[in-house]
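Colleague: Below is one structure. I have some questions about it.
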């Protein structure tokens, strides 16, 4: 049913809205609670905005993942932007993401169950997050 | 999508109807900051009931809006933040420091009425 991956190109601020709406729809189909839907949509919004802010363009990929009997939603945010020189620091800074132009990655990590980031200077950034159904 | 701004008494009421892009939010901020002068409004209510996401950009823009409007001499109250949205905001570490909030439009109006009345309480002579 949800075997295929949904790709949302992120090139302008309207795409941030599209990405989080698509993510919310898929999560709703998976049976996530309304609280989780808000967390997921917010996380996607932050990830998509990072793409616009730091790389100008990229993609948000949405898919269903399974682990035994558990199902979840996987969100991949990837770009070919400048990359992040110091990932540790990017994850530390910006507890109050709204005050600075911090990446807000630490916030996204708190919203989701799993978080992974691969970034290389000059070679873009890929953030992968998952939320599992309870 | 443009947010309709309603003028009621001394107040401006912006009722967000659907998801807003970053550009829409900035436009709303600028429109309210400007119209507070045009209509000599004393209070502004921003109704966010329809928003299912308030991310860092939205929160920052609403906070800026409220602070800018205070500098213009009016009060702002944000109404209708949904329970799930408030949870996501707290998880993300987002706050609306220094910005007044109320449950809904009705509470927002009551808040402004009370707040502005105390500032400009008319002197009523008591009959002896």
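Protein chains in written order, with the working numbering: chain A, 87 to 220; chain B, 949 to 1076. Glycine is no exception: its CB is placed at the ideal position from the N, C-alpha and C atoms.
Using beta-carbon positions only, say whether residue 984 (chain B) and residue 1022 (chain B) come within less than 8 angstroms of one another.
Modeller: yes
Colleague: What number of angstroms, rounded off, separates the C-alpha of residue 1047 (chain B) from the C-alpha of residue 1058 (chain B)?
Modeller: So the alpha carbons of these two residues sit roughly 16 angstroms apart.
Colleague: What distance in whole Å lies between the Cβ atoms of residue 193 (chain A) and residue 1040 (chain B), which are believed to be in contact at a cut-off of 8 angstroms?
Modeller: 4 angstroms
Colleague: Going by other Cβ atoms of all chains shown within 10 Å of its Cβ, with 16 needed for buried, is residue 115 (chain A) buried or exposed?
Modeller: exposed
Colleague: Apart from the five residues just before and just after residue 166 (chain A), which ones in its own chain have a Cβ nearer than 6 angstroms to its Cβ?
Modeller: 210
Colleague: As a quick exercise: from B:1061, B:1029 and B:1012, pick the residue whose alpha carbon is nearest that of residue 1001 (chain B).
Modeller: B:1029
Colleague: Taking all protein chains shown into account, do 16 or more other C-beta atoms lie within 10 angstroms of the C-beta of residue 119 (chain A), making it buried, or fewer, making it exposed?
Modeller: exposed
Colleague: Spatial neighbours of residue 182 (chain A) within its chain, please: CB distance less than 6 angstroms, with the 5 preceding and 5 following residues excluded, ordered by chain position.
Modeller: With a pLDDT of 42 at residue 182 (chain A), under the threshold of 50, the modelled position of this residue cannot be trusted, and the question is left open.
Colleague: Output yes if chain A places a C-beta closer than 8 angstroms to the C-beta of residue 1047 (chain B); else output no.
Modeller: no
Colleague: I'd like to confirm the pairing. Which residues does DSSP put opposite residue 962 (chain B) in its beta bridges?
Modeller: B:953 and B:994
Colleague: Output, in chain order, the set of chain B residues within a Cβ distance shorter than 9 angstroms of residue 156 (chain A).
Modeller: Correct list: empty, because the minimum Cβ distance to chain B is about 21 angstroms.
Colleague: According to DSSP, is residue 201 (chain A) part of a helix, a strand, or is it coil?
Modeller: strand
Colleague: So which residues on chain B does residue 120 (chain A) lean against when the C-beta distance must stay under 7 angstroms?
Modeller: 1032
Colleague: When you check each C-beta in the segment 1001–1024 of chain B against every C-beta of chain A, which residues fall closer than 8 angstroms?
Modeller: 1001, 1002, 1003, 1004, 1005, 1007, 1008 and 1011
Colleague: Give me the Cα-Cα distance between residue 186 (chain A) and residue 1008 (chain B), rounded to the nearest whole angstrom.
Modeller: Any reading at residue 186 (chain A) must be qualified, since the residue scores a pLDDT of 45, below 50, and its modelled position is unreliable; the value itself is stated next. In a straight line, the C-alpha of residue 186 (chain A) is about 9 angstroms away from that of residue 1008 (chain B).
Colleague: Could you compute how far the alpha carbon of residue 996 (chain B) sits from the alpha carbon of residue 1063 (chain B)?
Modeller: 21 angstroms
Colleague: From residue 143 (chain A) to residue 137 (chain A), what distance separates their C-alpha atoms?
Modeller: 6 angstroms
Colleague: Would you give the residue range spanned by the beta strand (DSSP E) that residue 95 (chain A) belongs to?
Modeller: Under the DSSP assignment, residue 95 (chain A) falls in the beta strand (DSSP E) whose first and last residues are 92–96.
Colleague: Between which two residues does the beta strand (DSSP E) carrying residue 153 (chain A) extend?
Modeller: 144–153
Colleague: Work out the CA separation of residue 191 (chain A) and residue 175 (chain A) for me, nearest whole Å.
Modeller: 10 angstroms
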